[in-house]
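Novice:
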Amino acid sequence: MIYTIFLTLHIVVSLLLVVVILLQSSKGGGLAGSAFGGGAGGSSFLGARGTATFMSRATTILAIIFMLNSLSLSFIVSGSSSPVSVTQQAIQSEAQNLPRVAGDADLGMGEVPAQELPVAGESAGGDQSAGEGQEE
Numbered sequence: 010m011i012y013t014i015f016l017t018l019h020i021v022v023s024l025l026l027v028v029v030i031l032l033q034s035s036k037g038g039g040l041a042g043s044a045f046g047g048g049a050g051g052s053s054f055l056g057a058r059g060t061a062t063f064m065s066r067a068t069t070i071l072a073i074i075f076m077l078n079s080l081s082l083s084f085i086v087s088g089s090s091s092p093v094s095v096t097q098q099a100i101q102s103e104a105q106n107l108p109r110v111a112g113d114a115d116l117g118m119g120e121v122p123a124q125e126l127p128v129a130g131e132s133a134g135g136d137q138s139a140g141e142g143q144e145e
């Protein structure tokens, strides 16, 4: 429940941060000049100076909220023991649906039975008869 609230807040803050950054005026005037009457002189909504200070303050506040929210989300996710990733969930569900080979019921995922491992000095194929005939 709290994870959903923080995630929703994170998305809203991210979108607001993008909008505020795009509205800030750059050297060419930017979107803030045309949106808030930058070319209209003294009769603008906030004035040229007021728009710049409002936008810079809004950017700073939204950036702080974004950083704190990111930290909160990371702490919430690190405390959960279940996988959160959709990819991890799909891999686990597919691994459970795989057919089992008879006799390997006691093995975990990714384990190889000891009798199938090559012994030191043997080749991976286990065929040593070809090498013994050449020593004479």
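According to our numbering, numbering within the sequence shown proceeds without interruption in unit steps and concludes at 145. Backbone N, C-alpha and C fix where the C-beta goes; we use that ideal spot for every residue, glycine too. Everything numeric in this text was worked out from a predicted model, so none of it was measured.
(1) Residue range of the alpha helix (DSSP H) that Gln101 falls in?
(2) Buried or exposed: which applies to Leu16, given that a residue is buried once 16 or more other Cβ atoms fall within 10 Å of its Cβ?
(3) Would you grab the beta carbon distance between Asn78 and Leu18 for me? Rounded to a whole angstrom, and I think it's under 8 Å.
(4) With a CB to CB cut of under 6 Å and the five nearest residues on each side skipped, what residues in its chain are close to Ile85?
(5) Using the C-alpha atoms, what's the distance from Pro108 back to Val21?
(6) Quick check on Ile73: buried or exposed, where buried means 16 or more other Cβ atoms within 10 Å of its Cβ?
(7) Residues in its own chain within less than 7 Å of Val29 by CB, not counting five upstream and five downstream?
(8) Please list, in chain order, all residues of the same chain as Ser81 whose beta carbon is under 8 Å from its beta carbon, the five residues on each side excluded.
Specialist: Taking the definition as stated:
(1) Val95 to Asn106
(2) exposed
(3) 6 Å
(4) Tyr12
(5) 44 Å
(6) exposed
(7) Met64, Ala67, Thr68 and Leu71
(8) Phe15
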